[in-house]
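Position 5 of the sequence shown, counting from 1, maps to 7 under the working numbering, and the rest follow consecutively.
Ideal placement from N, C-alpha and C gives every residue a C-beta, glycine not left out.
Reading through the structure tokens given below for one structure.
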Amino acid sequence: MQDELKDIAYVFYVNNVDGKIHTCNISNKEELDCNNYPRYLGQYENCLIALKNQKITDKLYLMTEETFRKIKKKFWYLDMYLAKEFLDRYADKVIAR
Numbered sequence: 003m004q005d006e007l008k009d010i011a012y013v014f015y016v017n018n019v020d021g022k023i024h025t026c027n028i029s030n031k032e033e034l035d036c037n038n039y040p041r042y043l044g045q046y047e048n049c050l051i052a053l054k055n056q057k058i059t060d061k062l063y064l065m066t067e068e069t070f071r072k073i074k075k076k077f078w079y080l081d082m083y084l085a086k087e088f089l090d091r092y093a094d095k096v097i098a099r
């Protein structure tokens, strides 16, 4: 797995239990944890350990720092766009001002 993570700065995954998007970032590529994984900071301290042990997702989405910089503004608005689309579609009434 370390070869796949060579130039990666961010790992995203959808938790299949709660349906939420989680983010982990590599804080220090040189430092390794007790299982020889690069140190990742995330909701579960080292998210790779959580993913391996808890089997909470079936995919990891890997991004370089450059790619993340290009899309980060769009990414953080994603929840807002999805919520707006959902409400536009399913609300009984929409009042536009």
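{"Check": "Could you give the distance in angstroms between the alpha-carbon of Asp-81 and the alpha-carbon of Ile-28?", "Outcome": "23 Å"}
{"Check": "From the DSSP output, in three-state form, read off Leu-62 for me.", "Outcome": "coil"}
{"Check": "Looking only at its own chain, which residues have a Cβ that is under 6 Å from the Cβ of Gln-45, when we skip the five neighbours before and after it?", "Outcome": "Only weak support exists for where Gln-45 lies, its pLDDT of 48 falling under 50; the coordinates are left without a value."}
{"Check": "Starting from Val-13, trace the beta strand (DSSP E) in both directions and tell me its first and last residue.", "Outcome": "12-16"}
{"Check": "Considering only DSSP beta bridges, list what Thr-69 is partnered with.", "Outcome": "In DSSP, Thr-69 forms no bridge with anything."}
{"Check": "Count the other CB atoms within 10 Å of the CB of Tyr-92; is the residue buried (16 or more) or exposed (fewer)?", "Outcome": "exposed"}
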